[in-house]
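Using the working numbering, you'd call the opening residue of the sequence shown number 81 and step up by one each time. Think of the CB as a built atom: it goes at the ideal place given N, C-alpha and C, for glycine as much as any other residue. Have a look at the structure below, then the notes.
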Amino acid sequence: MPEARFNFPKGFLWGTSTSAYQVEGNSKNNQWAQWEQQPGNIAEGQSCGLACDWWGGRWREDFDRAEEDGHNALRMSIEWARIQPAPDRWDEHALDHYIDMIRGLTRRGLFPVVTLHHFTDPLWVDEIGGWENDEVPALFAAYAAKVVEALKSSVTTWLTINEPNVPVFLGYLLGEFPPGKKDLGAAFRVMTNFARGHALAYHAIKEEQPEARVGFAHSFRGFAPARSGHPLDRYLAGLYHRAWNEFFPAMFKNGVFRLLNRRITIPEAANTMDFLGLNYYSSDLVRFRVSAGKEGVFSERFYPEDAELSPNGMIAYQPEELFRAIEWSLKFDVPVIITENGTEDQEDSFRRKYLAAHIHQVWRAVNFNYPVRGYFVWSLVDNFEWQEGWTRRFGLYGLNTETQARTRRPSAEMFAEILKENALTSGTVRSYAPDLIADLFPE
Ligand code: IFM
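Printed below as a string of structure tokens:
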């Protein structure tokens with residue numbers, strides 16, 4: 081049977097995403113390392129430990145894997161606590177280490193996309209109150225300038241902050257991330273300071289490197305009313321959408337945003353997004369309830385009853401929502417990179433279908449001429465999944481944390497085949513995700 085193909089444009093970025101704390105290992109000088117020590121914070125009492133040992137040099141073998149699999153890009157992050165271990169000290173050796181890693185990427189033909197902040201803060205920042213302290217945005221911008229000065233000969237594409245909405249919700253409303261608070265006032269303050277931190281870093285980076293492309297990585301979730309005709313479900317789904325999805329990108333376009341009874345104005349944040357990094361995994365239904373849920377809001381969020389779920393129930397299979405997210409993002413009028421998409425799946429029984437279906441949605445968007453420039457799988461190798469520890473395995477490659485051995489999952493093979501073709505073909509889908517063949521390539 082002749083092969084059918086969904087082709088991608090030449091130069092489309094294909095790669096994986098990682099973050100420093102989750103892969104480097106032996107990262108002790110930040111608030112997450114401290115948070116891990118407190119009983120009850122991490123699943124099964126686990127800890128990050130050596131992680132994938134990138135700080136010990138195993139980035140080399142993993143970058144080789146990415147190159148061998150035909151990736152042309154890789155997203156990694158820089159650990160603020162390593163670069164600035166104390167307020168008055170820059171660690172030039174740590175900078176050299178990252179310079180080596182970035183050279184390691186470019187030598188292998190992997191275009192570097194670099195995140196400056198991915199959930200972790202140096203302990204000294206935590207000790208002055210973290211992002212609740214209004215001084216922290218400027219401190220972050222100074223660190224960003226330092227990194228950009230050191231890496232600008234090889235890096236042009238920067239993400240200031242990864243998913244600022246996640247630590248706001250999980251750290252200040254749900255108590256699942258450090259500092260473990262449930263305090264709406266603090267959540268507002270941190271949200272505002274993340275936005276200021278992004279804005280100040282954007283301007284500092286541009287000053288250092290005018291040709292830089294600067295964005296942030298945004299966690300998008302769809303929120304739909306559980307009962308479409310129910311006014312409170314509708315109101316709450318809209319509220320989640322505004323708070324979770326709209327606040328940061330709208331602020332980086334307009335410099336102002338209204339949420340609940342507040343009008344937050346940050347003039348220097350206007351027009352500080354050269355592109356949008358979109359991280360998409362799943363979407364929720366929202367239902368009103370008479371008592372306050374764990375987020376302090378009178379609602380509950382859940383996946384549709386008939387949704388197919390990842391093995392631990394963490395991710396729901398709703399690929400069309402990625403297309404919807406891309407359509408929603410068009411109003412910001414900037415190019416989009418899918419900076420994260422993927423699923424936990426130790427046995428690789430669900431991931432191939434999940435990835436193929438989402439890549440198909442990206443193709444649909446590209447086919448509509450929407451400005452999507454790249455797609456990054458979370459993640460290259462299993463890594464430390466924050467409060468879930470090692471119980472959630474997101475890698476194209478499995479990791480044995482005892483021996484540091486990597487195992488190539490079939491999803492890595494499938495991704496390599498897609499990249500080799502620069503297309504999702506019927507042959508690939510038939511071999512790796514046969515359940516999708518009738519949907520994607522109907523006869
Ligand atoms: O592992 C995380 C990552 O750090 C941020 N985005 C979501 C991933 C999977 O949960």
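To the nearest angstrom, how far is the alpha carbon of residue i from that of residue j?
i, j, result
"H310", "T423", "32 Å"
"N450", "D168", "Residue identity differs from the one stated: residue 450 is Tyr in this sequence, not Asn. Cα-Cα distance, rounded: 45 Å."
"T272", "A225", "21 Å"
"L280", "W170", "20 Å"
"R307", "E493", "41 Å"
"G192", "F368", "Per the sequence shown, residue 192 should be read as Pro rather than Gly. One C-alpha to the other measures close to 43 Å."
"L435", "Y512", "10 Å"
"D519", "H440", "11 Å"
"E148", "N341", "53 Å"
"A100", "R431", "23 Å"
"K500", "G150", "6 Å"
"N110", "T240", "18 Å"
"E326", "I179", "35 Å"
"T98", "E427", "20 Å"
"N291", "A284", "Sequence inspection shows Glu at residue 291; the Asn mentioned does not correspond to that position. Rounded to the nearest angstrom, the two C-alpha atoms are 12 Å apart."
"W458", "E159", "18 Å"
"A161", "A221", "14 Å"
"E420", "F464", "16 Å"
"E388", "F495", "21 Å"
"G318", "A304", "8 Å"
"P384", "E400", "14 Å"
"P82", "S506", "9 Å"
"R510", "H198", "37 Å"
"N121", "P522", "47 Å"
"D425", "D462", "10 Å"
"E116", "A84", "49 Å"
"Q114", "S234", "33 Å"
"H321", "F88", "30 Å"
"W238", "V370", "43 Å"
"G136", "E104", "8 Å"
"W204", "P217", "14 Å"
"S429", "H438", "16 Å"
"T352", "V294", "8 Å"
"A372", "T483", "45 Å"
"Q143", "W211", "Here residue 143 turns out to be Phe, not Gln, going by the sequence shown. For F143 and W211, the distance between alpha carbons rounds to 33 Å."
"H173", "I182", "14 Å"
"N392", "N106", "27 Å"
"K286", "D354", "11 Å"
"L316", "L185", "44 Å"
Which of the three DSSP states is assigned to residue i in this structure?
i, result
"L203", "helix"
"D425", "coil"
"F268", "helix"
"D456", "The amino acid at residue 456 is misidentified as Asp; the sequence shows Phe. Looking at F456 - three-state DSSP - the assignment turns out to be strand."
"F220", "helix"
"T508", "helix"
"R293", "strand"
"V377", "coil"
"P192", "strand"
"W94", "strand"
"V227", "helix"
"I163", "helix"
"E420", "strand"
"R70", "No answer is possible for residue 70: it lies beyond the span of the chain, which begins at 81 and ends at 523."
"H173", "helix"
"L130", "coil"
"A372", "coil"
"F303", "strand"
"N121", "coil"
"A146", "helix"
"Y106", "In the sequence as presented, Tyr is not what sits at residue 106; that position holds Asn. In this structure, N106 counts as coil in the three-state DSSP scheme."
"N87", "strand"
"H278", "helix"
Report the CB separation of residue i from residue j in whole angstroms; it is logged as a contact under 8 Å.
i, j, result
"F382", "L356", "That belief does not hold up - the Cβ atoms of F382 and L356 are roughly 27 Å apart, past 8 Å."
"Q289", "V228", "6 Å"
"T96", "A146", "6 Å"
"L231", "V194", "7 Å"
"G454", "F86", "That pair is no contact at about 16 Å."
"W443", "Q126", "The pair is not a contact, with the Cβ atoms about 37 Å apart (cut-off 8 Å)."
"A297", "N359", "6 Å"
Residue i: beta carbon under 7 Å from a heavy atom of the ligand SAM?
i, result
"Q102", "In the structure shown, the ligand SAM is absent; the only ligands present are the ligand IFM."
Does the beta carbon of residue i come closer than 8 Å to any beta carbon on chain B?
i, result
"F403", "Protein chains in the displayed structure number just one, and chain B is not present."
Inset, instruction - Only counting runs of 3 or more residues, tell me where the beta strand (DSSP E) segments fall wholly within the region 319 to 354, in order along the chain. - result: 336 to 339 and 342 to 345
Inset, instruction - Entirely within the region 236 to 266 and at least 4 residues each: give me those alpha helix (DSSP H) ranges in chain order. - result: none
Legend entry - Uninterrupted alpha helix (DSSP H) stretches inside the region 380 to 415 (no shorter than 4 residues): As far as the region 380 to 415 is concerned, its whole alpha helix (DSSP H) runs of at least 4 residues are 400 to 409.
Legend entry - Segments of 3+ residues assigned as beta strand (DSSP E) that fall wholly inside the region 424 to 506: 452 to 457, 477 to 479, 486 to 488 and 503 to 505
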